[in-house]
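One structure is given below, encoded as C-alpha cells.
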Amino acid sequence: MILSLFIVAAFNLYCVLLLPQIQFFDLMYFNVLVLSIWLVCFLSYWIKKKRRKKQVFQRMQDKQLIAEFFLPYIDEKIYCHDIALLEEELSSERRTNDWLKDDIDRVVHELKARLGALALCKDQEMAQVTFEMINRQLSSLLLLARVETNVMDLQFQKADLRSLINTSVKNNKYFLIHSRFSIQIDCPPISVYTDPEWLIYVFDQLLINAVKYKRDPHIEITARKNGEETILSFTDHGIGIEPQDLSLIFEKGTTGSNVRSGTYRSTGMGLYFVRTVLEKLSGTIEVESVPGNFTTFTLHLFGNEKMEWKRIRSYL
Numbered sequence: 108m109i110l111s112l113f114i115v116a117a118f119n120l121y122c123v124l125l126l127p128q129i130q131f132f133d134l135m136y137f138n139v140l141v142l143s144i145w146l147v148c149f150l151s152y153w154i155k156k157k158r159r160k161k162q163v164f165q166r167m168q169d170k171q172l173i174a175e176f177f178l179p180y181i182d183e184k185i186y187c188h189d190i191a192l193l194e195e196e197l198s199s200e201r202r203t204n205d206w207l208k209d210d211i212d213r214v215v216h217e218l219k220a221r222l223g224a225l226a227l228c229k230d231q232e233m234a235q236v237t238f239e240m241i242n243r244q245l246s247s248l249l250l251l252a253r254v255e256t257n258v259m260d261l262q263f264q265k266a267d268l269r270s271l272i273n274t275s276v277k278n279n280k281y282f283l284i285h286s287r288f289s290i291q292i293d294c295p296p297i298s299v300y301t302d303p304e305w306l307i308y309v310f311d312q313l314l315i316n317a318v319k320y321k322r323d324p325h326i327e328i329t330a331r332k333n334g335e336e337t338i339l340s341f342t343d344h345g346i347g348i349e350p351q352d353l354s355l356i357f358e359k360g361t362t363g364s365n366v367r368s369g370t371y372r373s374t375g376m377g378l379y380f381v382r383t384v385l386e387k388l389s390g391t392i393e394v395e396s397v398p399g400n401f402t403t404f405t406l407h408l409f410g411n412e413k414m415e416w417k418r419i420r421s422y423l
C-alpha cells in the first residue's frame, strides 16, 4: 500500500512537470479516486486482521490445537500455542507411561511374594485365599492397562442393582468367609443404566477395602431411589480414614496414614480406579468416615437412558 502511494505521488509529479495540459481538477479527481480505493483496501485489511486476531484469541482459550483453522497463514503466536500444547500432551503421556511402569513393577513384586507364600502354604483354605488374591491382582493389572490407555469398551444396558451386588459378594466370597464377615443388604428392586461388568468391579473394590481394613467384620449395603438417581451406600466398621486423608483417597497413588505407618499394605490404586470407572459410567462417589468407627462410600447412579446418554457425551 505504501508503494501505491509512492506511485500516485510520482504520477502527480510527472503530470505537473511534463504534462501541463492536464487539468488540475482532473488530476485531483484521479487522486481522490485512487486514495478512496486505497482507503477501502486498507480498512478491509485492518478489519480482517482484527477479526482474525479475535478468532485466534477465542480459539486459544480452548486447550486444543488451532493451526488447522488458520491455514495457510500461521503466525508465531499460533505456532507457539500449538507447540506448547503438543509438548504438554507429550509430557503427560510420558508421566502416564512412568506411572504405568511403576504400578506394573509394584504389582509384579507383590505377585512374586504371594507365589512364594503359596508354595510354602500347607493350609488349603489359606492357599485358596492366596490364590484368589493373586487372581485379583492380575485382574487389577489388566484393568490398569485398560483404564490408563482409555480402552474400556463400555457396554451400557439396564441392569438390576441387587443382582450386581450379589455377583460382587459371590466374587469375593473367599475373602469374606475367611475374614468371617457378615453382610446386610437392603436393596429394593432397582434398575440402573450402566455397564454391569465395570460397576461390579467398583463393588468388588469397595468390598475388598472393607476386608483389608477390617475392625468389626460387618458390612451394610443400602440402596434407595431419588427420582432418576439411585443412591447406593457401602458402610464398613473398620479402622476408618483419617480426616487429612479424606480429600486425597481417590487420587492416584495415595496410600493414607495407616499404610505409611506400616500397619497395612496398599498400592494406592484401588479407589483411584473406582473414581475413574464411575466417571466413565457417569456416576459419582463420596466418602464419610470416623477413624476407629466406620467408613461409608456413597455412590450416585442413574437409570434413565436419555439422561444418561447426555451425561456420557459430556465425557467424550
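The sequence shown runs contiguously to residue 423 in the numbering used here. Glycine included, each C-beta is placed from N, C-alpha and C at the ideal position.
Please return the same chain residues whose Cβ sits closer than 7 Å to the Cβ of residue 367, not counting the five positions on each side in sequence. Since pLDDT at residue 367 reaches only 44, below the 50 mark, its modelled position is unreliable, and no value is offered.
In three-state DSSP terms, what is residue 331? strand
Evaluate the contact criterion for the segment 273-286 versus the segment 312-321: three or more CB pairs, one atom per stretch, below 8 Å. yes
Report all residues from its chain with a CB closer than 6 Å to the CB of residue 369; omit the five preceding and five following residues, and keep chain order. Caution applies to residue 369, whose pLDDT of 43 falls short of 50 and renders its modelled position unreliable; the value that the coordinates give is listed next. Closer than 6 Å at Cβ, skipping near neighbours: no residue.
Can you tell me whether residue 193 is buried or exposed, with buried defined as 16 or more other CB within 10 angstroms of its CB? exposed
Which complete beta strand (DSSP E) runs does the segment 255-312 hold, if anything under 3 residues is left out? 264-267, 289-293, 298-301
CA nearest to the CA of residue 297, picked from 242, 139, 284, 407: 407
Comparing C-alpha positions only, which one of 270, 266, 286, 314 sits nearest to residue 302? 266
Quick one: using the 10 Å Cβ neighbour count with 16 as the cut-off for buried, is residue 284 buried or exposed? exposed
Top-ranked residue by Cα proximity to residue 261, from 305, 156, 390: 305
Where residue 350 falls: helix, strand or coil (DSSP): helix
Please report the straight-line C-alpha distance between residue 161 and residue 189, rounded to a whole angstrom. 17 Å
Just tell me which of 143, 378, 400, 234 has its CA closest to the CA of residue 326. 400
Thinking just about the alpha-carbon of each residue, which of 142, 307, 288, 202 is nearest to the one in residue 246? 307
Helix, strand or coil for residue 341? Go by DSSP, reduced to three states. strand
C-alpha gap between residue 417 and residue 263, whole angstroms: Because the pLDDT at residue 417 is just 47, under 50, the model does not fix this residue reliably, and the point stays unresolved.
My output table needs one value for residue 401: the three-state DSSP class, helix, strand or coil. strand
Bridge partner(s) assigned by DSSP for residue 391: 407
Given this structure, state the Cα-to-Cα distance separating residue 185 from residue 191, to the nearest angstrom. 10 Å
Return the CA-CA distance between residue 385 and residue 351, expressed in angstroms with no decimal places. 23 Å
Rounded to whole angstroms, what is the Cα-Cα separation between residue 310 and residue 165? 43 Å
Helix, strand or coil at residue 336 [DSSP, three-state]: strand
Straight-line gap, residue 152 to residue 142 (C-alpha atoms, nearest Å): 15 Å
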